[in-house]
Amino acid sequence: MLIHNISQLLTMKGGPQRGHDLGKLGLIEQGALLMRGENIEAVGTQDELLTKYPDEPRLDANGKVILPGFVDPHTHLVWAGDRAVEFEMRLEGRTYLEILAAGGGIISTVEATRSADYQTLFAQTRARAKTMFRYGTTTAEAKTGYGLECKSELDQLQILMDLDKEGPLEIVPTFLPAHAVAPEYKTNPDEYVRLICSKMLPAAREHWVKHAAGKPMPFVDVFCETGAFDLVQSRRIFETARDLGFPLKIHADEFDNLGGARLAAELGAASADHLVKTSLADIEALAASSTVAVALPCTPFGLGQSEYTPARQILDKGGLLALATDCNPGTAWCENMQFVIALACRALKLTPAQAIAASTINSAAAIQRADRIGSIEPGKQADLVFLSVDDYRHLGYRFGENLVNTVVKKGRIIPI
Ligand code: NIG
Ligand code: FE
Numbered sequence: 001m002l003i004h005n006i007s008q009l010l011t012m013k014g015g016p017q018r019g020h021d022l023g024k025l026g027l028i029e030q031g032a033l034l035m036r037g038e039n040i041e042a043v044g045t046q047d048e049l050l051t052k053y054p055d056e057p058r059l060d061a062n063g064k065v066i067l068p069g070f071v072d073p074h075t076h077l078v079w080a081g082d083r084a085v086e087f088e089m090r091l092e093g094r095t096y097l098e099i100l101a102a103g104g105g106i107i108s109t110v111e112a113t114r115s116a117d118y119q120t121l122f123a124q125t126r127a128r129a130k131t132m133f134r135y136g137t138t139t140a141e142a143k144t145g146y147g148l149e150c151k152s153e154l155d156q157l158q159i160l161m162d163l164d165k166e167g168p169l170e171i172v173p174t175f176l177p178a179h180a181v182a183p184e185y186k187t188n189p190d191e192y193v194r195l196i197c198s199k200m201l202p203a204a205r206e207h208w209v210k211h212a213a214g215k216p217m218p219f220v221d222v223f224c225e226t227g228a229f230d231l232v233q234s235r236r237i238f239e240t241a242r243d244l245g246f247p248l249k250i251h252a253d254e255f256d257n258l259g260g261a262r263l264a265a266e267l268g269a270a271s272a273d274h275l276v277k278t279s280l281a282d283i284e285a286l287a288a289s290s291t292v293a294v295a296l297p298c299t300p301f302g303l304g305q306s307e308y309t310p311a312r313q314i315l316d317k318g319g320l321l322a323l324a325t326d327c328n329p330g331t332a333w334c335e336n337m338q339f340v341i342a343l344a345c346r347a348l349k350l351t352p353a354q355a356i357a358a359s360t361i362n363s364a365a366a367i368q369r370a371d372r373i374g375s376i377e378p379g380k381q382a383d384l385v386f387l388s389v390d391d392y393r394h395l396g397y398r399f400g401e402n403l404v405n406t407v408v409k410k411g412r413i414i415p416i
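Quick note on the UniProt record's numbering: the sequence shown kicks off at 1 and runs consecutively.
Here it is as structure tokens:
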């Protein structure tokens with residue numbers, strides 16, 4: 001099918017964008033593209049493609065903007081229940097880490113999630129996946145991490161695999177038993193780390209190899225933070241995971257700098273995420289590596305904090321910057337990458353073009369999928385969003401309304 005009459009076609013071509021190269025849109029005015037099966041076959045101006053492919057069935061984009069589907073590289077999609085009560089507690093003055101230390105926070109969602117049956121958990125997770133898709137996210141990374149025991153972590157991994165199979169949202173799973181110390185090990189966290197290394201990671205590997213039909217291994221992530229896992233524990237988990245063949249991700253410097261970002265760079269992690277308290281030296285270490293820095297502006301916003309990821313410094317040092325929602329029930333219940341873009345323009349001082357690149361080609365790099373998704377180029381997967389406007393800058397400029405009008409996943413138009 002040939003899509004034509006595209007006012008602005010944002011191809012994002014040329015691969016991940018480092019430092020101040022961020023924001024190269026590969027913009028074609030009055031553009032067109034040809035999809036065949038699941039993939040993109042040709043991209044160009046309308047004049048070129050209509051002449052070259054006169055007999056293809058056509059779809060008139062009616063002057064809309066088309067860009068790659070958003071890639072959300074950091075979400076905690078699988079959970080049951082909500083934490084509205086804690087939101088109110090925080091507004092009354094308690095901090096996130098205080099609530100966590102008192103057995104609330106992540107642990108209260110662990111309790112709700114462990115006690116939900118498969119159908120309930122699947123249904124609640126699927127509802128969020130559908131919302132993401134309606135707002136233009138065509139691929140999302142999604143983490144386990146509200147089980148903190150072997151069976152429920154594997155069940156959560158399986159829910160993500162089942163949801164991916166069902167579609168249309170494509171899901172790239174991450175195994176996160178190191179999201180918090182399991183309540184059973186509260187007085188002996190090292191024992192929980194040992195359990196993760198000796199039992200949970202090997203079990204996740206076995207489960208994946210048996211059921212994932214040859215797909216790339218899921219990521220393993222660690223919440224390296226005061227009150228969660230320290231640097232020594234994080235390293236132990238990562239080295240075990242790496243030896244088992246898992247690619248790595250890290251939650252680093254959300255509230256305190258424990259050195260997680262540097263560890264990520266050293267171990268060649270795919271990404272280091274949050275990075276609010278990251279020092280300039282750590283930013284330099286990240287920028288000198290292939291690890292993508294993922295900023296999650298909904299998290300400080302959701303917590304009512306004024307400090308955000310120093311995105312301009314990351315770009316000044318030549319780092320790879322991506323954006324994500326961090327969708328989770330504690331700090332940031334937001335499925336919407338358009339809102340992330342609007343927030344990044346204000347709080348991180350990105351231009352709309354930079355924020356779009358950080359939400360497409362660079363976020364694809366943060367989940368090691370930039371060879372398949374994140375740009376509109378021949379041979380890549382046909383994952384597209386059509387905006388209901390004729391200027392891409394409306395992304396960022398406007399917020400609170402869904403500007404996505406049509407979503408194409410793997411070459412198929414999916415009703416939203
Ligand atoms: O990324 N930091 C750890 N994980 C989430 C919060 C999860 C929760 O509070 O349930 C985050 O902010
Ligand atoms: Fe997170």
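Beta carbons are placed, not taken as given, at the ideal position from N, Cα and C, and that holds for glycine. All values reported here derive from a predicted model rather than from experimental measurement.
The ligand NIG heavy atom lying under 8 Å from the CB of residue i
{"i": "Gly330", "result": "yes"}
{"i": "Phe386", "result": "no"}
{"i": "Arg128", "result": "no"}
{"i": "Gly145", "result": "yes"}
{"i": "Ala366", "result": "no"}
{"i": "Glu41", "result": "no"}
{"i": "Leu296", "result": "yes"}
{"i": "Ile106", "result": "yes"}
{"i": "residue 420", "result": "For the chain, the structure presents residues 1 to 416; residue 420 sits outside this window and is missing."}
{"i": "Glu225", "result": "yes"}
{"i": "Ala228", "result": "yes"}
{"i": "Glu4", "result": "The question names Glu, but residue 4 in the sequence shown is His. Incorrect: His4 has no Cβ contact closer than 8 Å to the ligand NIG."}
{"i": "Tyr308", "result": "no"}
{"i": "Arg83", "result": "yes"}
{"i": "Tyr118", "result": "no"}
{"i": "Thr174", "result": "no"}
Run of the alpha helix (DSSP H) containing residue i, from where it starts to where it stops
{"i": "Thr120", "result": "Tyr118 to Arg134"}
{"i": "Asp190", "result": "Pro189 to Leu195"}
{"i": "Val209", "result": "Leu201 to His211"}
{"i": "Arg412", "result": "Where Arg412 is concerned, there is no enclosing alpha helix (DSSP H), although the beta strand (DSSP E) it sits in stretches over Arg412 to Ile414."}
{"i": "Gly396", "result": "His394 to Tyr397"}
{"i": "Lys151", "result": "Cys150 to Glu166"}
{"i": "Ala293", "result": "Per DSSP, Ala293 belongs to no alpha helix (DSSP H); it is in the beta strand (DSSP E), Val292 to Ala295."}
Nonlocal neighbours in the same chain, by C-beta distance under 7 Å from residue i, ignoring five residues either side
{"i": "Ala370", "result": "Gly15, Pro16, Ile361 and Ala364"}
{"i": "Ala241", "result": "Leu201, Val220 and Leu248"}
{"i": "Gly411", "result": "Met35, Gly37, Glu38, Asn39 and Ala382"}
{"i": "Arg235", "result": "Leu263"}
{"i": "Leu267", "result": "Phe238, Arg242 and Leu248"}
{"i": "Leu154", "result": "Ala203, Ala204 and His207"}
Buried or exposed by the 16-neighbour rule on C-beta atoms within 10 Å, applied to residue i
{"i": "Asn336", "result": "buried"}
{"i": "Ala281", "result": "exposed"}
{"i": "His20", "result": "exposed"}
{"i": "Ala84", "result": "exposed"}
{"i": "Leu275", "result": "buried"}
{"i": "Val65", "result": "buried"}
{"i": "Leu315", "result": "buried"}
{"i": "Ser115", "result": "exposed"}
{"i": "Tyr135", "result": "buried"}
{"i": "Gly44", "result": "buried"}
{"i": "Gly330", "result": "buried"}
{"i": "Thr174", "result": "buried"}
{"i": "Gln156", "result": "buried"}
{"i": "Gln119", "result": "exposed"}
{"i": "Thr51", "result": "exposed"}
{"i": "Lys199", "result": "exposed"}
{"i": "Lys165", "result": "exposed"}
Residue span of the beta strand (DSSP E) that contains residue i, given as start and end
{"i": "His4", "result": "Leu2 to Leu10"}
{"i": "Ile367", "result": "No beta strand (DSSP E) holds Ile367; DSSP gives it neither H nor E."}
{"i": "Met35", "result": "Leu27 to Arg36"}
{"i": "Thr174", "result": "Glu170 to Ala178"}
{"i": "Cys224", "result": "Phe219 to Cys224"}
{"i": "Ile250", "result": "Leu248 to Ala252"}
{"i": "His74", "result": "First-last for His74: undefined, no H or E at that position."}
{"i": "Leu49", "result": "Taken as a continuous stretch (DSSP letters only), Leu49 belongs to no beta strand (DSSP E), being part of the alpha helix (DSSP H) at Gln46 to Lys52."}
{"i": "Ser271", "result": "Ser271 to His274"}
Residues near residue i in its chain [Cβ-Cβ closer than 6 Å; skip 5 each side]
{"i": "Asp326", "result": "His74, Leu296, Cys298, Thr299 and Ala332"}
{"i": "Arg128", "result": "Leu77 and Glu335"}
{"i": "Lys409", "result": "Thr138, Pro168 and Asp383"}
{"i": "Met1", "result": "Met35, Pro57 and Leu59"}
{"i": "Asn328", "result": "His76"}
{"i": "Val110", "result": "Tyr146 and Leu148"}
Close Cβ partners of residue i (< 8 Å) along its chain, the five nearest in sequence each way excluded
{"i": "Ala357", "result": "Met12, Gln17, Leu22, Gly23, Lys24 and Leu25"}
{"i": "Thr351", "result": "Gly23, Cys345 and Gly396"}
{"i": "Thr309", "result": "His274, Leu275, Val276, Thr278, Ala293, Ala295, Leu296, Pro297 and Leu348"}
{"i": "Phe229", "result": "Ala178, Val181, Pro189, Val193, Val222, Phe223 and Ile237"}
Residue i: CB within 8 Å of a non-hydrogen atom of the ligand FE
{"i": "Asp273", "result": "yes"}
{"i": "Asp326", "result": "yes"}
{"i": "His251", "result": "yes"}
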